[in-house]
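Take a look at the structure below.
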Amino acid sequence: INIDPEVMSGAPVFKGTRVPIQTFVDHMGSDDDIRDFFDGFPGVSREQVIELLEEAKERVFAAT
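Counted from 1, the sequence shown has number 755 at position 55 by the working numbering; the numbering is strictly sequential.
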């Protein structure tokens, strides 16, 4: 994850891309398949998504 005021106005993005994390979250809340996300945003790797989900999981469980 990268947060830089010069990239997408500081919105969190997948590192090395201009793809906002919010785009992934919104996509997962739709009826589309995760493959559709990767097709639409080929600059985001499977590994990056796994890292994002692992970090989210750690933060959720750390808060409880």
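We treat Cβ as the ideally placed atom computed from N, Cα and C, and that holds for glycine.
- DSSP, reduced to helix, strand and coil, places V713 within a strand of the structure shown.
- Rounded to whole angstroms, the separation of the alpha carbons of V713 and V744 is 10 Å.
- Relative to the Cα of T717, the nearest Cα in the group I703, M728 and R759 belongs to I703.
- Between I750 and the set V725, E706 and P705, the nearest pair of CA atoms involves V725.
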